[in-house]
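What follows is a short report on a single structure.
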Amino acid sequence: MQKFSYSILAIILAGFTTAFAQQSEIYTNDLADYNKAMSLYRDKQYQSAQIIFDKVKQQNQNPEIQSDCTYYSANCAIRLDQMNADEAMESFVKNYPTSTKQNLAYTEVATYYFEQGKYPQALEWFDKVEEGTLTSDDQDKYNFYKGYSFFNSGKKKEASQYLNKVVNSQEYGSQAKYYLGFLAYEGDDYKEATKYFDQVSGEEKYKEKLSYFQADMNFKLGKFDKAIQLGQAAMAGSNAMEKSELNKIIGESYFNLKQYDKAIPFLKEYKGKKGKWNNTDFYQLGYAYYKQGDFENAISQFNKIIGGNDFVAQNAYYHLGESYLKTEKKQQALNAFKNASEMAFDAKIQEDAYLNYARLSYDIGNSYQSVPDVLNGFMTKYPNNPNKNEIENLLINSYITSKNYKEALSLLEKNKSFGNKSAYQKVSFYRGLELFTDGNYQEALALFKKSVAEQKDAKFSARGTFWKAETEYVLDDFSNALLSFKQFLGYPEAKDTPEFKNANYDIAYSHFKLKEYEQAGNFFQKYIEVSKDDKIRLTDAYLRLADSRFVTTKYSAAMEAYDKAITLKTVDGDYAAYQKAISYGFMGKNDKKIADFNQFLKTYPNSQYRDDALFELANTYTAENETSSAIKTYDQLISEFRTGSYTSKSILRQGLIYYNGDKDDLALAKFKKVAADFPKSEEALEAVKTARLIYVDKGRVDEYASWVKTLDFVEVSDAELDNDSWEAAEKQYLQGNTKQAITNLSSYVSAFPNGIHSLKANFYLADSYYKDGSVNNSVPNYEYVIAKPHSEFTEQSLSRLSEIYIKKNDYVKALPVLLRLESEADFPQNKTYAQANLMKAYYDGKDYPKAVVYADKVLANPKTDDKIKSDAQIIVARSAIQVNDETKAKESYARLQKIAKGELAAEALYYEAYFKNKESKFEDSNKAVQKLAKDYSGYKYFGAKGLVLMAKNFYGLKDSFQATYILESVIKNFKDYPDVTEEAQKQLDLIKTEEAKTNSSITK
């Protein structure tokens, strides 16, 4: 039994021993792994340690071992910066609430984040720690770490609360005092800061840092000498950022001590906040240079202050203005003073800046507002300024020198004091000239009369009288023009005026227009006797002298004058030669006339008068009974000028020659051709009448009747009524009874739409409507005339009709009429008129290549006056701009400048500046803009565009202030020109974006 029992016991014990041994082996293995993981954890091999901790936790059922493994695995996750590491630690706290490591977990995680510099995360975990369970040493560490975390998170109040708990700590006390001192320093509590800094000043590790803070505190307390001393002492041991700040402290301290020469090198070494200076930084260095008399360097700093609007900016802009003046940069100075004058932070600086702005405006012109307006504005705002008399005198002169006569006139008319009457006389005269140049003749006349009425300056009274006469002449008031021209010569001062040299010429033309040809000739002769320089005008004077003598039948004298005109070889030599040949005819010297016309045709093959010469030559051959030569010459005329005004007449005359030579069949062929090709013309009517005589003589009346029935303009049965009605209507027209003529002619046209006289009736009716001012009513009748075959009325109808359409700006309808006028005109002035307006019509229709073609035609005509030449040059230039041919545009605007006046001159000058800007000739471009501002300030649009160019020029010259200030002024002052302000805004945005990279005061 015992043996059995022993055996059973042995078996039981053996089994227990085996089981225990197995469990002991597992436990021992897990413990070894756990210890290995801990060893790796302590060696900061967190990835390997975590793997083993997780394995041990999975294999071991011991709650305590599992708790510790969970804790350390979560700790590894945090140190490895794994995703959801925070959640792993929170899970440990939640799943093992009785673990002794709970508070340690919070502390260690917080400490880990602290040591990593992740202060916001550290604070999250510090807030979980139960402070009461910490030891004394752990409590100090906890308070310092948490206080420092608050410090670095910008929570100054909380930082102070925790740091103050450890000021007496042996381990953390010094650090706490340093950071408490720093918090006081940042809060401008220098007394408190000094208290803490003094307590740690003996410690080497704080010595260098404290020197910087103490230098800055002394600076802020106004102890500049001490700040300089401490700053220089701290410089050697400081890093780059601290050295930058120390340079600023030392430089600004010298600045405040007015030791500007010493301040400059330190201020220059300052690097700014985050690599950027602000407006105050630029101002201090600029002012230091300014006080040293280094104005160029002062400008280079002041002009970086963009968009400033405070006391510092006002001072900077004022001293910038003075610096510009010292360096003879007046336009830049004007802008700087203007800016300073618009700020009210310092009233004395504002007033002085305004005074300088006013003076400069008078001196160089002003694109922002009229110079008189600036000067008046100053006197209104500062009526007691000691410089008032000076500004008043400048104001009077500015009315003339600014050339902004429109605004000047408005200001003067509001203030007609005795002292301003002389200025008023001059300004009204110059404004009159502007209006005259622009074609506003009635307004110009009114102003010339006002100028003459003042009688303050005899020279201007004389000049006003002359231009009054010129305006009256242009308005077709020739009697008054003649009187005014003679009054002009009555002034003793007239001889000293630029108008005097042409006075006799103008008087001569007035007599000429009044058909007083004898007097006209005498005054043309007077002009010729003293004329020297102007060959074109001299030629014209000879021609009009010759015409005057011709009209008064003094043919020898006329021919002598025509010869003089031909000898000058300028213009209209063909006209003179033509008239000379005509004169031989009136003298009964047809042989000479024939010889001269034949010579004319060889000498002037392309003359405008070629058809006239051929016609006259053929007529002369007819008169001399040289019928063969006559027929041949008429044939040549018909061949060369198929649509000319002489074609119908030539064919008719050939018929008459054949009729008079008893060549009836040849005559009838010619008469029928006239009737067929030129129905309703005067020649057609005469051809029918003469053909009737032939048919009657030959007893072929039926043949005549059959032919006439094919002609819609001959109504045989109503002929007598037709003629009676026409005679009544024509009589009223010829007698100048316009109203009655309109009534009678309208009745005729209505009753006889295809009447014998319908062509002439439509023309007369159109002409009557036109003269009566009912131009719209005249259009259908002119259109009727030009729709018919060419006649003596075609050219004038084309001219009038095109004029009517052009005045309505209806270039679509004007274009075909102008094209016909160009090709069919016999009178050179009508051809020139057509070409000039075709040029405008094509430009208006944006057909720039054709516009240029016609502009070139106009410019090639030597008789084109400067006004039309200006129009042509501007169209060439503008067309070139539109098609991006800037080379041609530049050439055209340059030529335009030589002849243009008024707004066109302003435009040409603007483009001079534009092209110089494109070539990076910024200073030259600015000179052109300044000239534009001074001489053409009345043309605001180009003044505004010029300012935008000036801004670009200044930015190209690295003057950011000028550029931005000008652009801001354009945006503010020129809202009437949205295209200009839009361009200005884009440019301003570009500049500010660029400048904001180095100036922290700039806001976009």
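Residue numbers -21 to -1, 1 to 983, in mature numbering (1 follows the signal peptide of the UniProt record, and there is no 0), belong to the letters of the sequence shown in order.
The beta carbon of each residue, even a glycine, is placed where N, CA and C say it ideally should be.
Buried or exposed (CB count within 10 angstroms, at least 16 for buried), residue i
{"i": "residue 844", "result": "exposed"}
{"i": "residue 3", "result": "Below a pLDDT of 50, predicted positions are generally treated as unreliable, and residue 3, at 44, falls in that range; no measurement from the model is reported."}
{"i": "residue 39", "result": "buried"}
{"i": "residue 338", "result": "buried"}
{"i": "residue 641", "result": "exposed"}
{"i": "residue 685", "result": "exposed"}
{"i": "residue 62", "result": "exposed"}
{"i": "residue 565", "result": "exposed"}
{"i": "residue 5", "result": "Note on residue 5: pLDDT 45, under 50, position unreliable in the model; the coordinate value appears next. Answer is exposed; the Cβ neighbour count stays below 16."}
{"i": "residue 220", "result": "exposed"}
{"i": "residue 37", "result": "exposed"}
{"i": "residue 22", "result": "exposed"}
{"i": "residue 308", "result": "buried"}
{"i": "residue 978", "result": "buried"}
{"i": "residue 607", "result": "exposed"}
{"i": "residue 777", "result": "buried"}
{"i": "residue 848", "result": "buried"}
{"i": "residue 917", "result": "buried"}
{"i": "residue 801", "result": "buried"}
{"i": "residue 738", "result": "buried"}
{"i": "residue 908", "result": "buried"}
{"i": "residue 440", "result": "buried"}
Residue i - partner residues in DSSP beta bridges
{"i": "residue 294", "result": "The partner list for residue 294 (beta bridge, DSSP) is empty, contrary to what the question assumes."}
{"i": "residue 1033", "result": "Residue 1033 lies beyond the stretch modelled for the chain, which goes from -21 to 983, so this question has no answer here."}
{"i": "residue 978", "result": "256"}
Residue j beta carbon less than 7 Å from that of residue i
{"i": "residue 805", "j": "residue 586", "result": "no"}
{"i": "residue 984", "j": "residue 912", "result": "Summary: the structure shown does not reach residue 984, with the chain confined to residues -21 through 983, and so no result is reported for it."}
{"i": "residue 51", "j": "residue 20", "result": "yes"}
{"i": "residue 320", "j": "residue 329", "result": "yes"}
{"i": "residue 692", "j": "residue 733", "result": "yes"}
{"i": "residue 474", "j": "residue 463", "result": "no"}
{"i": "residue 837", "j": "residue 808", "result": "no"}
{"i": "residue 555", "j": "residue 544", "result": "yes"}
{"i": "residue 856", "j": "residue 873", "result": "no"}
{"i": "residue 665", "j": "residue 627", "result": "no"}
{"i": "residue 517", "j": "residue 503", "result": "no"}
{"i": "residue 531", "j": "residue 495", "result": "no"}
{"i": "residue 431", "j": "residue 444", "result": "yes"}
{"i": "residue 974", "j": "residue 285", "result": "yes"}
{"i": "residue 854", "j": "residue 830", "result": "yes"}
{"i": "residue 727", "j": "residue 740", "result": "yes"}
{"i": "residue 346", "j": "residue 926", "result": "yes"}
{"i": "residue 409", "j": "residue 391", "result": "no"}
So within the stretch 242 to 329, which uninterrupted alpha helix (DSSP H) runs reach at least 4 residues, ignoring any that extend past its ends?
List check, alpha helix (DSSP H) in window: 258 to 270, 274 to 281, 290 to 305 and 309 to 320.
Would you say the stretch 642 to 651 touches the stretch 667 to 685, given that touching needs at least three Cβ pairs under 8 Å?
Flag = yes, the stretch 642 to 651 and the stretch 667 to 685 touch.
Touch test, the stretch 304 to 314 against the stretch 287 to 294, Cβ-Cβ under 8 Å, three pairs minimum:
Note that the stretch 304 to 314 does not touch the stretch 287 to 294; fewer than 3 beta-carbon pairs, one per stretch, sit closer than 8 Å.
Secondary structure, beta strand (DSSP E): runs of 3+ residues fully inside the stretch 492 to 567
None, since the stretch 492 to 567 contains no complete beta strand (DSSP E) of that length.
Given 8 Å, three or more beta-carbon pairs between the stretch 621 to 636 and the stretch 703 to 720:
The answer is no - the stretch 703 to 720 does not touch the stretch 621 to 636, with fewer than three Cβ pairs under 8 Å.
Which ranges does the alpha helix (DSSP H) cover as unbroken runs of at least 4 residues, wholly within the stretch 564 to 616, from first to last along the chain?
DSSP runs (the alpha helix (DSSP H)) wholly in the stretch 564 to 616: 569 to 582 and 589 to 602.
At 4 residues or longer, what runs of the alpha helix (DSSP H) sit wholly inside the stretch 365 to 434?
Fully enclosed alpha helix (DSSP H) runs of 4 or longer: 367 to 380, 384 to 393, 400 to 416 and 420 to 433.
Within the stretch 79 to 153, ranges of the alpha helix (DSSP H) (whole runs, at least 4 residues):
For the stretch 79 to 153, whole alpha helix (DSSP H) runs of length 4 or above, ordered along the chain, are 81 to 94, 98 to 105, 115 to 131 and 135 to 142.
Only counting runs of 4 or more residues, tell me where the alpha helix (DSSP H) segments fall wholly within the stretch 797 to 872, in order along the chain.
Listed in chain order, the complete alpha helix (DSSP H) runs (minimum 4 residues) inside the stretch 797 to 872 are 807 to 823, 827 to 839 and 845 to 861.
Taking three-plus beta-carbon pairs below 8 Å as touching, is the stretch 511 to 521 in contact with the stretch 475 to 489?
Segments in contact, yes.
Any contact between the stretch 351 to 360 and the stretch 372 to 382? By contact I mean 3 or more CB pairs, one from each, below 8 Å.
With a cut-off of 8 Å, the stretch 372 to 382 and the stretch 351 to 360 count as touching, because enough Cβ pairs lie within range.
Is there contact here, the stretch 873 to 892 with the stretch 900 to 907, by at least three beta-carbon pairs under 8 Å?
Yes: at least three Cβ pairs fall under 8 Å.
Between the stretch 948 to 963 and the stretch 421 to 431, do three or more beta carbon pairs fall short of 8 Å?
At 8 Å Cβ cutoff, the stretches do not touch.
Taking contact to mean 3 or more Cβ pairs, one atom from each stretch, closer than 8 Å, check whether the stretch 536 to 552 and the stretch 764 to 776 are in contact.
With the rule of 3 Cβ pairs closer than 8 Å, the stretch 536 to 552 does not count as touching the stretch 764 to 776.
Does the pairing of the stretch 260 to 280 with the stretch 233 to 246 give three or more beta-carbon distances under 8 Å?
The stretch 260 to 280, when compared against the stretch 233 to 246, does touch it at the 8 Å Cβ threshold.
Segment contact flag, the stretch 146 to 155 with the stretch 111 to 124, C-beta cutoff 8 Å, min 3 pairs:
Counting Cβ pairs under 8 Å, three or more are found: they touch.
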